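Asker:
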Amino acid sequence: MIPVIGLVVGVTIGLVLQPTVPTALQPYVPIAIIAALDAVLGAARAFLEGRFDDRVFVVSFVSNVAIASLMVFLGDQLGVGSQLSTGVIVVLGIRIFANSAAIRRLIFHA
């Protein structure tokens, strides 16, 4: 119940305050969201498999976002930002689809 309350409070605060992302950080936000989604789906899969650990989830969430954003930042500094962004999105996308397929199998036993 606590995660649902946190989600509702977070969405409400976001709608009321309407925060803006600084222009310098805008290229990294989509990558961070994809990395966070990968961590959340991995946690959902682990929960359904009965092996969820909240510490592992927090470390995975923070490290996924940090590493993905750092890779894209370094790619921008080297002049290959768009190629590296595409690579990060492809890899995380594959993980997201693999986790969602596993979740589907665990829920529907198929």
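According to our numbering, the sequence shown is numbered sequentially starting from 3. The C-beta atom is built at its ideal place from N, Cα and C for all residues, glycine as well. No experiment lies behind these values; they were computed from the predicted model shown.
Give every residue of the same chain whose Cβ lies closer than 7 angstroms to the Cβ of Gly86, excluding the five residues on either side of it in the sequence, and list them in chain order.
Answerer: Sequence inspection shows Leu at residue 86; the Gly mentioned does not correspond to that position. Excluding positions up to five away in sequence, the list reads Met73, Val74, Gly77.
Asker: Would you please state the rounded distance, in angstroms, between the beta carbons of Val42 and Val31? I believe it to be under 8 angstroms.
Answerer: About 16 angstroms separates the two Cβ atoms, so there is no contact after all.
Asker: I need the straight-line Cα distance from Ala100 to Val6, nearest angstrom please.
Answerer: Answer to the nearest angstrom: the Cα atoms are 25 angstroms apart.
Asker: What three-state label does DSSP hand Val82 in the structure shown?
Answerer: Coil.
Asker: To the nearest angstrom, how far is the alpha carbon of Ala103 from that of Gln79?
Answerer: Each residue's Cα considered, the two are about 36 angstroms apart.
Asker: With three or more C-beta pairs closer than 8 angstroms as the rule, is the region 9-21 touching the region 35-53?
Answerer: The region 35-53 is not in contact with the region 9-21.
Asker: Taking only the alpha-carbon atoms, compute the straight-line gap between Val67 and Ala37 and give it to the nearest angstrom.
Answerer: Straight-line Cα distance between these residues: approximately 5 angstroms.
Asker: Quick check on the DSSP output: the alpha helix (DSSP H) that includes Gly52 runs from which residue to which?
Answerer: Per DSSP, Gly52 belongs to no alpha helix (DSSP H) and is neither H nor E.
Asker: In whole angstroms, what is the alpha-carbon distance linking Ala2 and Ala26?
Answerer: Since the displayed the chain opens at 3 and closes at 112, residue 2 lies outside it and no answer follows.
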